[in-house]
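This note's numbering numbers the first residue of the sequence shown as 4 and each following residue consecutively.
Single-structure report; data block below.
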Amino acid sequence: MGKRIEIPEDKYLTGLKEANERLQEAIDQLERGSAQGLANAAFRIATEAQQRAPVETGDLRGSVFVDLDGDQYAMGSENGKSVEITGKVPEGATKALIGFNCPYAADQHEHTEYSHPSMERIRKMRSGGATDLSFMGSENGQAKYLESVLVEQSDTLLQIIAAAIGGD
């Protein structure tokens, strides 16, 4: 059981207003920081997933997007080489949606048996100059390109969010 402290009546509420203001500032910072941390982590996921996505034309990589609380925040460039911030972080954002808006995105993500050859290998195969074995290990992208970022970088993503909130 805790020790009871007797506070003189004339000191009882002294500093309550200041304490309340500091507490509200901390809450506001937590809310702002968590929204920004969510945006930073979502952007990191999108950027990493884009680099891991299979590429032949660049359409799949270019279709990556990030929505925060239903509003567009970032999207892949037309050439599929970068992710660009296109919106602002909604105040108090709590939900991020990261995906690829391409008709074959889910198939490429889920089918681990698909081969994702490099463009050099594709060109040589089309011209009849490459056998299946001539470019062994020359892959360009992978299945599970979005999921793998979450699995492999979960600690980093948590650190990104914590840094925005003000934690270590």
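Don't be surprised by glycine CBs; every beta carbon is placed ideally from N, CA and C.
Check: Once the 5 residues before and after Ile-172 are set aside, which same chain residues still bring their CB inside 8 Å of it?; Outcome: There is simply no residue 172 to check, as the chain begins at 4 and stops at 171 in what is shown.
Check: Please check the pair Ala-52 and Val-67, which I expect to be a contact at CB under 8 Å, by giving their CB distance rounded to whole angstroms.; Outcome: 6 Å
Check: Which residue's Cα is closest to the Cα of Pro-93: Gly-65, Leu-149, Gly-18, Val-69?; Outcome: Val-69
Check: Can you name, in chain order, every residue of its own chain whose Cβ lies under 7 Å from the Cβ of Gly-95, other than the five neighbours on each side?; Outcome: Glu-34, Ala-38
Check: Could you spell out the range, first to last residue, of the beta strand (DSSP E) harbouring Gln-75?; Outcome: 74-79
Check: Name the DSSP beta bridge partners of Asp-70, please?; Outcome: Gln-75, Leu-100
Check: Between Val-152 and Gly-90, what straight-line distance do the alpha-carbon atoms span, to the nearest angstrom?; Outcome: 23 Å
Check: Buried or exposed: which applies to Gly-140, given that a residue is buried once 16 or more other Cβ atoms fall within 10 Å of its Cβ?; Outcome: Summary for Gly-140: the model assigns pLDDT 44, below 50, so the residue's position carries little reliability; its value from the coordinates is reported in the next sentence. It counts as exposed.
Check: What residue range is occupied by the uninterrupted alpha helix (DSSP H) comprising Phe-88?; Outcome: Before going on, a small fix: residue 88 reads as Ile here, not Phe. No alpha helix (DSSP H) holds Ile-88; the beta strand (DSSP E) holding it covers 86-88.
Check: On a CA-only basis, which of Ala-22, Thr-97, Glu-150, Asn-104 is nearest Arg-64? Give me that one, please.; Outcome: Asn-104
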